[in-house]
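Enquirer:
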Amino acid sequence: MVDPVIRAGDVRGAVSAAVSAQPVTDIHTHLFGPEFGELLLWGVDELLTYHYLIAETLRASDVGYDAYWAMSQREQADLVWKTLFIENSPISEACRGVVTALQAYGFDLTTRDLDSYRDALRDVRVEDHIDRVFELANVESVIMTNDPFDPVEQPAWAADRAGDPRFLPALRIDPLLNAYSETGRPTLTALGYAADAELSATGLAEIRRFLDDWVTRMQPQYMAVSLPPDFAYPEDSERGTIIRECVLPVSRERNVPFAVMIGVKRAVNPRLRMAGDGVAKADMSSLERLLEQHPDNKILATLLSRENQHELCVIGRKFPNLLVFGCWWFMNNPSIIDEITRQRIELLGLSVIPQHSDARILDQLVYKWPHSRAVIADVLADKYADLSASGWAIRQSELERDIAALLGGNFRRFLAR
Ligand SMILES: [Zn+2]
2 MVDPVIRAGD VRGAVSAAVS AQPVTDIHTH LFGPEFGELL LWGVDELLTY HYLIAETLRA
62 SDVGYDAYWA MSQREQADLV WKTLFIENSP ISEACRGVVT ALQAYGFDLT TRDLDSYRDA
122 LRDVRVEDHI DRVFELANVE SVIMTNDPFD PVEQPAWAAD RAGDPRFLPA LRIDPLLNAY
182 SETGRPTLTA LGYAADAELS ATGLAEIRRF LDDWVTRMQP QYMAVSLPPD FAYPEDSERG
242 TIIRECVLPV SRERNVPFAV MIGVKRAVNP RLRMAGDGVA KADMSSLERL LEQHPDNKIL
302 ATLLSRENQH ELCVIGRKFP NLLVFGCWWF MNNPSIIDEI TRQRIELLGL SVIPQHSDAR
362 ILDQLVYKWP HSRAVIADVL ADKYADLSAS GWAIRQSELE RDIAALLGGN FRRFLAR
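Sequential numbering from 2 applies to the sequence shown in the working numbering.
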């Protein structure tokens with residue numbers, strides 16, 4: 002078998018080709034398999050009414066909050082298109098993403114005729130569209146965000162699920178940890194678990210039973226929560242108690258990692274609804290203590306604030322039970338992906354997951370992955386070029402091995418550990 006050393010002048014091209022060719026395991030999305038029916042969002046109007054674009058439209062247009070929310074989705078999409086794509090050039094990352102997706106579908110961008118783009122997707126079967134999107138994005142599987150507290154989603158899990166195997170579950174437990182009294186406990190009670198307000202020993206056992214049952218039912222890749230910037234651990238609070246007494250033990254016993262996504266400030270501007278969340282810097286010593294006090298727990302972590310990224314890399318160096326992943330939400334922009342990916346590679350080598358898409362709409366895979374791949378390839382090309390210039394022989398098979406680890410292998414190995 003030929004496994005040539007890549008010549009110094011060819012390193013950049015070889016890296017770029019290998020990153021493009023490597024299928025991705027997308028470890029955090031809000032996508033759903035087709036068996037979830039209307040929970041799977043796709044198509045042009047969904048793309049245009051993505052919450053990133055709602056926030057940008059309401060900045061650029063004179064339409065107010067109430068008038069916007071009173072519109073049908075089609076009218077909202079028309080407004081977004083007119084405001085951000087016709088009256089202005091679609092230069093922001095979220096806008097550029099729509100353009101990339103329309104181009105990938107082969108639509109004529111010179112017409113700027115939104116209705117023609119809608120028409121072109123109207124009669125496709127969703128199953129065919131999923132195949133096309135996965136192929137265009139070169140994604141082999143995506144991990145969903147599955148919420149047992151959501152009454153719309155619950156029924157999909159009631160029976161034996163025979164889902165599309167490319168869509169893998171993740172057990173999302175935000176209401177249990179962030180709104181125990183308001184949503185978490187009432188839902189548990191309604192589902193037949195005797196969770197109590199004072200978190201007695203019996204009540205905590207019931208929460209563990211709930212988590213255990215859902216791990217059995219869903220077979221999730223991990224359990225996940227998004228946390229505010231003031232998340233503290235340990236903490237004398239409902240959240241702190243439930244994490245310590247319920248989530249971490251079940252996570253350990255069932256070998257299902259706990260994923261923490263820290264830094265979201267919910268409803269900074271509630272008039273924007275889902276588009277109204279913000280960011281703030283978190284206290285990273287809480288993550289350090291979580292890892293230090295629970296060395297037998299596997300933790301996945303991503304941080305929303307740019308200011309936390311360097312500390313996260315340093316914590317990664319100290320704790321092998323932490324897998325750092327993705328450039329989350331406001332971090333998912335080329336300039337910041339470039340910066341974060343360089344930091345991570347320099348501090349943690351190949352032992353990271355550089356990106357996830359966070360896609361909410363199926364079609365977003367078609368732009369989020371090419372955009373991220375280009376940046377990741379650029380960073381890696383610099384690193385391998387430096388190695389090559391230092392006299393290290395870069396072999397094609399080793400390059401492919403490394404990139405396969407970054408884009409999926411590291412995650413599977415972490416799960417299997
Ligand atoms: Zn997300």
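We put the beta carbon where it would ideally sit given N, CA and C, even for glycine.
For R361 versus H29, is the C-beta spacing smaller than 8 Å?
Expert: No, Cβ-Cβ distance for R361 and H29 is not below 8 Å.
Enquirer: Just to confirm, are S306 and V280 a CB contact at a threshold of 8 Å?
Expert: yes
Enquirer: Is any heavy atom in ligand 2 found nearer than 7 Å to the beta carbon of H52?
Expert: No copy of ligand 2 occurs in the structure displayed; its ligands are ligand 1 alone.
Enquirer: So the candidates are L249, A180, V269, A268; which of them puts its Cα closest to the Cα of E239?
Expert: Per the Cα distances, A180.
Enquirer: Whole angstroms is fine: what's the gap from P271's alpha carbon to D67's?
Expert: 12 Å
Enquirer: Hey, out of A268, A302, R218, whose CA is closest to P258's CA?
Expert: A302
Enquirer: With a threshold of 7 Å, establish whether the CB of D151 neighbours any heavy atom of ligand 1.
Expert: no
Enquirer: Just reading off the alpha helix (DSSP H) that S142 is part of, what are its end residues?
Expert: That residue, S142, is in no alpha helix (DSSP H); its beta strand (DSSP E) goes 140-144.
Enquirer: Count the other C-beta atoms from every protein chain shown that fall within 10 angstroms of the C-beta of A102, then say buried if there are 16 or more, exposed otherwise.
Expert: buried
Enquirer: Alpha carbon to alpha carbon, what distance is there between R123 and V12?
Expert: 43 Å
Enquirer: Going by the DSSP bridge assignment, what does S227 pair with across the sheet?
Expert: M262
Enquirer: Enumerate in chain order the residues of its own chain whose CB-to-CB distance from E128 is below 7 Å, with the five nearest sequence positions on each side excluded.
Expert: P35
Enquirer: Which runs of the alpha helix (DSSP H) fall wholly inside the stretch 94-125 and span at least 4 residues, in chain order?
Expert: 94-105, 115-123
Enquirer: Grab me the residues of D79's own chain with a C-beta within less than 8 Å of its C-beta, minus the 5 sequence neighbours each way, in chain order.
Expert: L115
Enquirer: Rounded to whole angstroms, how far is the Cβ of A19 from the Cβ of E399, which I believe are closer than 8 Å?
Expert: Contact flag wrong, Cβ pair sits at about 10 Å.
Enquirer: Rounded to the nearest angstrom, what separates V25 and M145 at their Cα positions?
Expert: 14 Å
Enquirer: Within this structure, are the beta carbons of I404 and Q23 separated by less than 8 Å?
Expert: Result yes, Cβ atoms of I404 and Q23 sit closer than 8 Å.
Enquirer: The beta strand (DSSP E) that contains A1, what's its start and end?
Expert: The shown model of the chain, from 2 to 418, leaves out residue 1, and the question about it has no answer.
Enquirer: For chain D, is any of its Cβ atoms less than 8 Å away from the one on G107?
Expert: Checking the listed chains, one finds no chain D in this structure; it contains a single protein chain.
Enquirer: What residues in its chain sit with their C-beta under 7 Å from that of I341, if we drop five residues either side in the sequence?
Expert: Q310, C328, M332
Enquirer: By alpha-carbon positions, which one of M224, L200, Y223 ends up nearest to D1?
Expert: The structure shown does not extend to residue 1, since the chain spans only 2 to 418, so no value can be given for it.
Enquirer: Enumerate in chain order the residues of its own chain whose CB-to-CB distance from R97 is below 8 Å, with the five nearest sequence positions on each side excluded.
Expert: P91, Y368, H372
Enquirer: Taking L249 as part of the alpha helix (DSSP H), name the residues at either end of that continuous run.
Expert: 249-254
Enquirer: Between which residues of its own chain and P296 is the CB-CB distance below 7 Å, once the five residues before and five after are set aside?
Expert: Correct list, in chain order: N322.
Enquirer: Please determine if the stretch 225-232 and the stretch 276-290 are in contact, where contact requires at least 3 C-beta pairs separated by less than 8 Å.
Expert: yes
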